[in-house]
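Numbering (our numbering), first residue to last: 1 to 246. Positions of the beta carbon are idealized from the N, C-alpha and C atoms, including for glycine. Here is the structure we will look at.
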């Protein structure tokens with residue numbers, strides 16, 4: 001299978017969770033597929049949520065999602081043990097219409113990811129082939145961001161390559177949908193210290209309201225077994241990484 005591989009990173013990132021409280025806006029701990037498709041769409045110049053809002057009747061989904069939702073991707077977090085450090089940032093929004101509080105000053109508190117890094121794989125098809133060509137030549141129609149426009153995305157190390165489908169895998173380097181695999185609780189005592197990152201992340205948009213649909217994802221150095229049929233795994237021989245595409 002032909003893919004384009006690149007490193008995606010930034011100083012900070014903010015992938016906003018739809019559930020918030022009065023005082024804080026929280027972020028997902030990793031980039032998810034919808035956000036990644038948004039980055040691909042921005043490079044290609046596809047419309048987003050704002051363009052969709054101009055004509056909901058004829059736009060069931062944002063343009064980027066309508067055209068890219070069937071694209072296959074694999075995400076390999078490069079931060080240690082799959083965990084990206086988070087910090088709460090506090091800043092003021094003092095434009096007059098931002099808040100009805102005294103003085104019109106809105107205090108915003110957001111949880112940001114610090115120094116995130118991922119190795120991204122995108123299956124090349126009729127649409128993503130143009131994306132691959134553009135990032136190989138350092139081109140983009142819109143500036144790609146990591147969640148919102150405070151967080152610029154760096155795309156480096158772009159390379160097209162072939163990945164081979166594999167069977168009988170006992171470890172996966174990318175994040176994978178937890179429901180399709182069983183993690184071996186008994187680890188080699190001589191091996192590295194076992195670790196596991198798990199989070200419920202968006203994988204699709206609901207057709208009626210464009211709300212997130214979720215799946216549970218895991219990244220681990222522990223041994224795994226495939227618990228369900230129909231799962232396709234691939235290997236990047238250059239990087240020696242086993243990959244789950246979704």
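| Check | Outcome |
| --- | --- |
| Alpha-carbon spacing of residue 93 relative to residue 177, whole angstroms | 38 Å |
| CB-CB length for residue 63 against residue 47, believed under 8 Å | 4 Å |
| Range covered by the alpha helix (DSSP H) that runs through residue 114 | Counting along the chain, residue 114 falls outside any alpha helix (DSSP H), though it belongs to the beta strand (DSSP E) covering 106–114. |
| DSSP state of residue 25 mapped onto helix, strand, coil | strand |
| Range covered by the alpha helix (DSSP H) that runs through residue 38 | 33–44 |
| Cβ-based neighbour list, residue 247, same chain, cut-off 6 Å, excluding 5 preceding and 5 following | Here the chain covers residues 1 to 246 and nothing more, so residue 247 does not appear. |
| 8 Å contact criterion, which residue 15 and residue 35 should meet: CB distance rounded | 5 Å |
| Closest residue to residue 76 among 26, 120, 152, 49 (Cα-Cα distance) | 120 |
| Alpha-carbon spacing of residue 166 relative to residue 216, whole angstroms | 23 Å |
| Residue(s) in a DSSP beta bridge with residue 8 | 118, 155 |
| Option nearest residue 193 by Cα separation, candidates 221, 51, 180, 128 | 221 |
| CA-to-CA distance, residue 42 to residue 142, given in whole angstroms | 5 Å |
| C-alpha gap between residue 9 and residue 191, whole angstroms | 29 Å |
| Reduced DSSP category for residue 132 - H, G, I as helix; E, B as strand; rest coil | helix |
| Residue 88 burial status per 10 Å Cβ neighbour count (16 or more: buried) | exposed |
| Residue 188 to residue 236 span [Cα, whole Å] | 25 Å |
| Distance CB(residue 131)-CB(residue 44) smaller than 9 Å | yes |
| Boundaries of the beta strand (DSSP E) in which residue 171 is found, first to last residue | Residue 171 -> no beta strand (DSSP E), and no H or E assigned at all. |
| Burial state of residue 51, where buried means 16 or more other Cβ atoms lie within 10 Å | exposed |
| Limits of the alpha helix (DSSP H) - the one that residue 320 falls within | Because the chain is modelled from 1 through 246, residue 320 falls outside the range shown and cannot be assessed. |
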